[in-house]
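Q: Questions regarding the structure given below will be posed in turn.
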Amino acid sequence: MAGKVCFSKLRLLLISPLQIENSVHNIRHLSLFMRPLLPDVLPWSNGFEAGPKTANELVDDIQSGIQQAPMAIRLTPHLLSLIDWSDPLHDPIVRQYIPLGSRIQLDHPELVLDSLDETGDSPVKGIIHRYPDKAVFLASSVCPVYCRCCTRSYTVGADTKTVKKTKFLPIQKKWDTMFDYIERTPALADILVSGGDIYSLSPDQLRSIGLRLLGIPHILRVRIASKGVAICPSRLIDPKDEWANVIIELSQRGRKIGKSVALHTHFNHPREITWITRVAAQRLFEEGVTVRNQTVLLNGVNNHVDTMKSLINQLSSMNIQPYYVFQGDMVRGIEDMRTPLHEILRLEALIRGSTAGFMTPNFVVNLPGGGGKRLACSFESYDRDTGLSTFFSPGSKDASRQWKYWDPLHSLPSLGGHQS
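Take the sequence shown: its letters are residues -15 to 404, numbered as in the numbering used here.
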């Protein structure tokens, strides 16, 4: 009997359609799943004194968090299997995907939902054109999982109690308008196909978008954004699923015509890397697919030097290039997850030089208001008492503007924040 149970669990993890069918997307399903796995009394340590102490209190706390969060919850069985349910309060997967009401912090007054002003840089619906030669093609507002820290909480996922989403569905008619803009804008050379998550598209939809972009003469680079390698790697090794085959096909097609096609994924913690992940990454590597990773620096998840070093090293060992570490965006409703600028500066200082330069990520701030990405260390000024850092961005829509980033209120010395 035990063998049958183990086989059933393994089948659930390896057959990709079952991952989506069995995703948890509300508090009732989550409670039913986790209640038998939780200890009656939760382990404690410093930093969580105001939080739940028992399993029942944890369920209530999650319900409170969901009521206040800008993002809905959705987790695949793969993610749920990675959580240490014996100690959920200190688990990095829980912190990324499951909101707790007791942890929600007061928002900084400068926070907004669309912190990067993507809607302001959208010449047609579904296109974000901020940089002269690059644009984002928003193919869908759906993801197989919903990250609490999502910078597009204004549009991605289901409506919540606090946010009514501006959705965009994967409809060919809408895509045609977006393709038309790209085709008549010859300055564009680089397109990031994003959303949402491109894992939510069918293989045929992915192929259609990729081939259309590769067929535009002035488009030289196509990047496909998906967290799928991290949250449902079984899809990439499922012989009945064509999604990985399409990525490989587009990559090979691009090479033959002198164009680059790359997959950009999103790991935040070493715990997210499993044997299934390694098999999936090896398949892509053998087929010549370029895979790059973008990490978000998150409080209580990866803002410790040993954790970040381990993540970088493990990604490198799978031939996934650690590309960016992002300072958390100034998005409303997730203030407990943001870190002050001095933490990303310290991490870079301790990590740079510890591994090969081409496997060392750029530590960057995506400037609020649409200033674009700047190296965190390139700030013009930084006042740790007020939490204000300023940047110039020569390639932005306003090269003379002084762009501002604010540390979270809970990190400020005047409010009891820790100075490292």
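Every residue, glycine too, gets a C-beta built ideally from N, C-alpha and C.
To the nearest angstrom, how far is it from the Cα of Thr344 to the Cα of Gln278?
A: 12 Å
Q: Which first and last residues belong to the alpha helix (DSSP H) in which Ile328 is found?
A: Following the DSSP letters along the chain, one finds Ile328 inside the alpha helix (DSSP H) bounded by residues 325 to 335.
Q: Compare the C-alpha of Trp69 against each of Ile88, Tyr307, Ala39 and name the closest.
A: Nearest C-alpha to Trp69: Ala39.
Q: How is the alpha helix (DSSP H) around Ile231 delimited, first residue to last?
A: 227 to 240
Q: Can we count Ile4 as close to the ligand SAH, meaning its CB is less than 8 Å from some heavy atom?
A: Among the ligands in the structure shown, none appear at all, so the ligand SAH cannot be discussed.
Q: Identify every run of the alpha helix (DSSP H) within the segment 110 to 167, keeping only runs that are complete inside it and at least 4 residues long; order them along the chain.
A: 156 to 167
Q: Assuming His253 contacts Leu295 under a Cβ cut-off of 8 Å, what Cβ separation, rounded to an integer in Å, is found between them?
A: 6 Å
Q: Along the chain, where does the beta strand (DSSP E) that runs through Leu359 open and close?
A: 356 to 359
Q: Find the nearest neighbour of Leu396 within the set Asp369, Ala228, Asn229, judged by alpha-carbon distance.
A: Asp369
Q: Determine the contact status of Ala373 and Phe363, defining contact as a CB-CB distance below 9 Å.
A: One point to set straight first is that residue 373 is Ser, not Ala, in the sequence displayed. Yes.
Q: Need the endpoints of the beta strand (DSSP E) that Pro306 sits in, please.
A: In the DSSP assignment, Pro306 falls within the unbroken beta strand (DSSP E) covering 305 to 310.
Q: Determine the extent of the beta strand (DSSP E) in which Val245 is found, giving its start and end residues.
A: 244 to 249
Q: Which residue wins for smallest C-alpha separation from Leu63, given the options Gln51, His74, Val78?
A: Val78
Q: Just curious, the alpha helix (DSSP H) that Thr415 is in, first and last residue?
A: Residue 415 falls outside the range modelled here, since the chain spans only -15 to 404, and no answer is possible.
Q: Identify, in the order they occur along the chain, each residue of the same chain with its Cβ nearer than 8 Å to the Cβ of Gln386, setting aside the five sequence neighbours on each side.
A: Glu364, Thr374, Phe375, Phe376
Q: Please list, in chain order, all residues of the same chain as Ser338 whose beta carbon is under 7 Å from its beta carbon, the five residues on each side excluded.
A: Here the set comprises Lys293.
Q: Among all the DSSP beta bridges, which residues are the ones paired with Lys388?
A: Thr374
Q: Reducing DSSP to helix, strand and coil, say where Ser7 ends up.
A: coil
Q: Grouping DSSP H, G and I as helix and E and B as strand, with all else coil, what is Ile260?
A: helix
Q: In this structure, what does DSSP give as the bridge partners for Tyr366?
A: Ser373
Q: Please state if the CB of Glu327 and the CB of Leu95 are separated by a distance shorter than 9 Å.
A: Cβ distance not < 9 Å, so Leu95 and Glu327 don't count as in contact.
Q: Could you give the distance in angstroms between the alpha-carbon of Glu332 and the alpha-carbon of Phe347?
A: 7 Å
Q: Rounded to whole angstroms, what is the Cα-Cα separation between Trp159 and Pro352?
A: 27 Å
Q: Note down the Cα distance separating Gly356 from Leu16, rounded to an integer number of angstroms.
A: 43 Å
Q: Tell me which residues share the same chain as Pro1 and place their Cβ nearer than 6 Å to its Cβ, disregarding the 5 neighbours each side in the sequence.
A: Closer than 6 Å at Cβ, skipping near neighbours: no residue.
Q: What does DSSP give as the partner residue(s) for Ile208 in the beta ladder?
A: Partner residues in the beta bridge of Ile208, as assigned by DSSP, are Val177, Leu247.
Q: Looking at the structure shown, is Leu26 part of a helix, part of a strand, or coil, going by DSSP?
A: The three-state secondary structure of Leu26, taken from DSSP, is coil.
Q: With DSSP as the reference, label Thr274 as helix, strand or coil.
A: strand
Q: Note the first and the last residue of the continuous beta strand (DSSP E) segment covering Asn350.
A: 346 to 351
Q: Of all the options Glu41, Gln47, Glu5, Arg19, which has the alpha carbon lying nearest to the alpha carbon of Pro61?
A: Of the candidates Glu41, Gln47, Glu5, Arg19, the one whose C-alpha sits nearest the C-alpha of Pro61 is Glu5.
Q: Span of the alpha helix (DSSP H) holding Ile440?
A: Residue 440 is absent from the model: the chain starts at -15 and stops at 404.
Q: Does DSSP put Thr339 in a helix, a strand or coil?
A: coil
Q: Exposed or buried, which one is Leu334 when buried takes at least 16 other CB atoms within 10 Å?
A: exposed
Q: Applying the 10 Å Cβ sphere with the 16-neighbour rule, what's the burial state of Ser384?
A: exposed
Q: Taking the beta carbon of Asn10 as the centre, do at least 16 other beta carbons fall within 10 Å, making it buried, or is it exposed?
A: It counts as exposed.
Q: So, with DSSP's three-state summary, where would you put Leu100?
A: coil
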